[in-house]
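Notes follow once the structure below has been shown.
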Amino acid sequence: MKKTKAVLFSILIILFFFNLSFPQENLSPLPPTEVRASDTPNDNGHSITVTWKLSGDDGADKKNVVAYEILRSDSPTGEFIVRGMVPAGNNTYQDRGAKEKEDKNYFHPHKDFYYKVRAKTLNSYSESEVAGPAQAYGEWFHLGKLPVFVGTVTFTIMVLAFISLARKGKEFYVRPLAGIDAVDDAIGRATEMGRPILYILGLGSAADIATIASFTILNRIAKKTAEHKTKIIVPCNDPIVMSVAQETVKAGYLDAGRPDMYKEENIFYLTSMQFAYVAAVNGIMLREQTATNFYLGKFYAESLILAETGSVAGSIQISGTDEIAQIPFFVAATDFTLIGEELYAASAYLGREPLLLGALKAQDLAKAIVMISLALGALAASFHLGFFLKLFTVQM
Amino acid sequence: METIGIWIAALLTLGIFSFLYKDNPFYKFCESLFVGISAGYWFVTTFWQVFMPKLADNLIAGRFYYMIGAIFGVLMLLRLFPKIGWLSRWSLALVVGTTAGLYFTRYLVSNGMVQVQNTIIPLYVKGNLSQTIGNLVIVIGTFSGLIYFFFSKEHKGAFGGLAKLGIWFLMLSFGASFGYTVMSRMSLLIGRMDYLLGTWLGLIR
Chain A
1 MKKTKAVLFS ILIILFFFNL SFPQENLSPL PPTEVRASDT PNDNGHSITV TWKLSGDDGA
61 DKKNVVAYEI LRSDSPTGEF IVRGMVPAGN NTYQDRGAKE KEDKNYFHPH KDFYYKVRAK
121 TLNSYSESEV AGPAQAYGEW FHLGKLPVFV GTVTFTIMVL AFISLARKGK EFYVRPLAGI
181 DAVDDAIGRA TEMGRPILYI LGLGSAADIA TIASFTILNR IAKKTAEHKT KIIVPCNDPI
241 VMSVAQETVK AGYLDAGRPD MYKEENIFYL TSMQFAYVAA VNGIMLREQT ATNFYLGKFY
301 AESLILAETG SVAGSIQISG TDEIAQIPFF VAATDFTLIG EELYAASAYL GREPLLLGAL
361 KAQDLAKAIV MISLALGALA ASFHLGFFLK LFTVQM
Chain B
1 METIGIWIAA LLTLGIFSFL YKDNPFYKFC ESLFVGISAG YWFVTTFWQV FMPKLADNLI
61 AGRFYYMIGA IFGVLMLLRL FPKIGWLSRW SLALVVGTTA GLYFTRYLVS NGMVQVQNTI
121 IPLYVKGNLS QTIGNLVIVI GTFSGLIYFF FSKEHKGAFG GLAKLGIWFL MLSFGASFGY
181 TVMSRMSLLI GRMDYLLGTW LGLIR
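As structure tokens, then:
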């Protein structure tokens with residue numbers, strides 16, 4: 001026992017001497033310098049951006065700084081609270097807050113704030129000088145989105161110009177689309193067989209571009225079915241889509257001069273759940289023995305299940321969607337497919353209305369501009385001219 | 001209780017699978033159950049996740065401008081009364097018009113500008129043949145694909161040739177996408193089989 005005590009005492013003596021003999025290594029890292037706080041540009045006024053020069057102890061060979069903490073206060077001498085942290089090597093932080101006053105993280109615009117940046121090691125830290133005051137304020141226009149604004153204005157002008165030309169009677173050529181040319185035959189087949197037509201608008205909302213295009217096609221098909229006295233069934237998976245579809249089909253029957261034949265119960269809501277909807281539509285296909293199935297709109301994983309069931313039932317099938325991942329299934333399992341933008345073009349091709357034709361022509365002109373930009377851009381990039389790319393760069 | 005749940009899920013799975021043979025009463029029962037439960041579930045979810053937090057809570061908190069949305073909602077319900085049902089068109093027009101307008105800029109950025117941005121790449125990368133070929137494929141594929149979707153001109157001559165090249169590019173990418181998705185569907189089938197043979201019957205572990 002005495003021996004153990006003597007050993008421990010000796011160790012303590014040695015440690016004491018070592019502590020006195022060698023200077024203690026300073027564990028605090030060098031602080032960050034040149035801290036700047038300023039309003040974050042192009043935002044809604046609830047954020048301040050803090051930048052700093054990295055600590056001298058932040059680098060590949062001096063990895064003792066592991067992170068930077070950003071602290072904020074209402075006054076330069078007040079209490080600073082931690083607002084966020086970034087890993088070592090980063091020298092920017094956006095101090096964001098909520099815009100709702102009730103939110104506990106509300107960021108007050110037009111108010112002075114002071115910032116400090118703390119360089120942290122695993123067991124120590126050092127703080128920068130206080131920076132500020134800085135105020136957050138919102139901008140009316142997001143300059144980083146200027147290309148979007150220019151694109152929108154240009155495209156709108158093009159659409160209006162082409163609509164105006166179409167209204168003045170200018171004839172516009174639209175190339176034939178195989179899927180749409182087959183519509184008349186498909187309706188004729190259903191009429192001859194005395195079986196109904198099934199029209200699926202997909203799973204999109206009423207505001208999806210594909211669904212809107214599908215409404216236009218539905219209107220034309222409803223008109224033809226009314227002329228041929230053929231039943232059309234439109235099961236929907238969205239209540240608003242169902243309401244618009246009812247109006248669309250009713251207008252088609254009215255155009256055909258057969259409003260008496262319109263039956264609202266044939267355009268109905270099933271469910272909003274994807275696969276429950278598919279199960280019900282599959283049942284309808286087999287029980288009603290539909291002669292022709294149209295799948296036009298926004299489709300997801302259900303596309304192949306629907307198209308396969310229709311194929312088994314022996315229906316003629318015409319499909320179209322702008323969902324790239326689903327097009328292969330429609331190509332494989334249906335008779336005609338409208339690929340992507342062909343769906344939008346089909347509504348103009350069928351309707352021949354100035355509004356739709358004008359929009360289609362404007363799209364073509366926009367595509368021509370994009371093609372020229374691509375060619376020039378690729379050439380510019382080949383010669384290392386970066387300015388061209390900046391024209392299309394959008395900051396979000 | 002858990003055992004009953006497993007049995008119900010397994011029998012309903014078999015009921016839905018029975019459609020592969022032909023339409024039958026068992027499938028009809030499963031289909032009706034599925035549709036009914038999902039529609040009811042959707043109603044309850046919408047009530048608690050949309051109606052209550054987005055409308056009722058805001059009205060209770062005194063934010064009465066939310067009444068504008070409520071009025072448009074009520075207009076939709078007027079479809080139930082044929083004489084004044086036309087008023088629902090105002091709500092439909094508002095929903096379709098505003099959402100389409102909001103989507104416009106989003107699509108312009110994601111489907112237009114970002115695509116162009118990612119296609120502005122050098123046609124020749126010095127000392128890197130594979131990247132040069134890759135870049136050429138991207139630029140030519142995009143260019144010819146765009147030509148295919150050009151509707152104002154008949155696809156004839158050189159223009160038609162480029163459009164045909166475009167559809168080849170599209171079909172190749174569709175083929176790859178088809179294969180990829182079929183494999184992911186196989187994993188769904190395996191998951192279901194695993195449930196039936198493992199969780200239910202205990203034949204596989």
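Protein sequence lines, in the order shown, are assigned to chains A and B. Per my numbering, residue 1 is the first one in the first sequence, and the count goes up by one each step. Per my numbering, residue 1 is the first one in the second sequence, and the count goes up by one each step. Here a beta-carbon is modelled for each residue, glycine too, at the ideal position from N, C-alpha and C.
Check, Outcome
"Rounded to whole angstroms, how far is the Cβ of Leu-203 of chain A from the Cβ of Tyr-300 of chain A, which I believe are closer than 8 Å?", "6 Å"
"Please classify Trp-7 of chain B as buried or exposed, where buried requires at least 16 neighbouring CB atoms within 10 angstroms.", "exposed"
"Residue ranges of each alpha helix (DSSP H) run of no fewer than 4 residues wholly in the stretch 329-377 of chain A, ordered along the chain?", "342-351"
"Can you give me the Cβ contacts of Ser-55 of chain A inside the same chain, cut-off strictly under 7 Å, excluding the 5 residues immediately before and after it?", "Pro-29, Leu-30, Pro-31, Pro-32, Val-65, Ala-119"
"May I have a chain-ordered list of the beta strand (DSSP E) segments no shorter than 3 residues that lie completely inside the stretch 81-107 of chain A?", "81-87, 92-96"
"Skipping 5 residues on each side, what residues in its chain have a beta carbon closer than 6 Å to that of Pro-196 of chain A?", "Lys-231, Ile-233, Glu-288, Thr-290"
"Give every residue of the same chain whose Cβ lies closer than 7 Å to the Cβ of Pro-354 of chain A, excluding the five residues on either side of it in the sequence, and list them in chain order.", "Ile-163, Ala-166, Arg-167"
"Is Trp-168 of chain B helix, strand or coil when you go by DSSP?", "helix"
"Using beta carbons (cut-off 8 Å, strictly below), is Ser-187 of chain B in contact with chain A?", "no"
"Do you know offhand how far Met-242 of chain A's Cα is from Ser-214 of chain A's?", "13 Å"
"If you measure from the beta carbon of Arg-89 of chain B to each beta carbon in chain A, is any gap under 8 Å?", "yes"
"Less than 8 Å between CB atoms is the rule here; does Asp-364 of chain A satisfy it with respect to chain B?", "yes"
"Assuming Ala-307 of chain A contacts Thr-271 of chain A under a Cβ cut-off of 8 Å, what Cβ separation, rounded to an integer in Å, is found between them?", "With a Cβ gap of about 20 Å, Ala-307 of chain A and Thr-271 of chain A do not count as contacting."
"Can you tell me where the beta strand (DSSP E) with Leu-78 of chain B in it begins and where it stops?", "Counting along the chain, Leu-78 of chain B falls outside any beta strand (DSSP E), and DSSP gives it neither H nor E."
"At a Cβ cut of 9 Å, what residues of the stretch 233-245 of chain A count as close to chain B, listed as they run along the chain?", "Pro-239, Ile-240, Ser-243, Val-244"
"Could you compute how far the alpha carbon of Leu-337 of chain A sits from the alpha carbon of Ile-327 of chain A?", "Just to set this straight, residue 337 of chain A is Thr in the shown sequence, not Leu. Straight-line Cα distance between these residues: approximately 8 Å."
"Using the C-alpha atoms, what's the distance from Arg-63 of chain B back to Ser-226 of chain B?", "Nothing about residue 226 of chain B can be read from this structure; chain B reaches only from 1 to 205."
"Going by C-alpha distance, which of A:Asp-58, A:Asn-42, A:Ser-38, A:Ala-362 is nearest Val-394 of chain A?", "A:Asn-42"
"Verify the CB distance criterion: does Asp-57 of chain B have a CB-CB separation below 8 Å to chain A?", "no"
"Helix, strand or coil, according to DSSP, for Glu-127 of chain A in the structure here?", "strand"
"State yes or no: is the beta carbon of Arg-195 of chain A nearer than 8 Å to at least one beta carbon in chain B?", "no"
"Give the secondary structure of Pro-23 of chain A by DSSP, where H, G and I count as helix, E and B as strand, and everything else as coil.", "In this predicted model, Pro-23 of chain A has a pLDDT of only 45, less than 50, meaning its place in the structure is not dependable enough to derive any value."
"Might you give, ordered along the chain, the residues of its own chain that have their beta carbon closer than 8 Å to the beta carbon of Thr-13 of chain B, omitting 5 neighbours on each side?", "Arg-192, Tyr-195, Leu-196"
"Leaving out the 5 sequence neighbours to the left and right, which residues in its chain are closer than 6 Å to Ile-16 of chain B when beta-carbon positions are compared?", "Cys-30"
"Could you please give me the residues that DSSP links to Ser-38 of chain A through a beta bridge?", "A:Thr-49"
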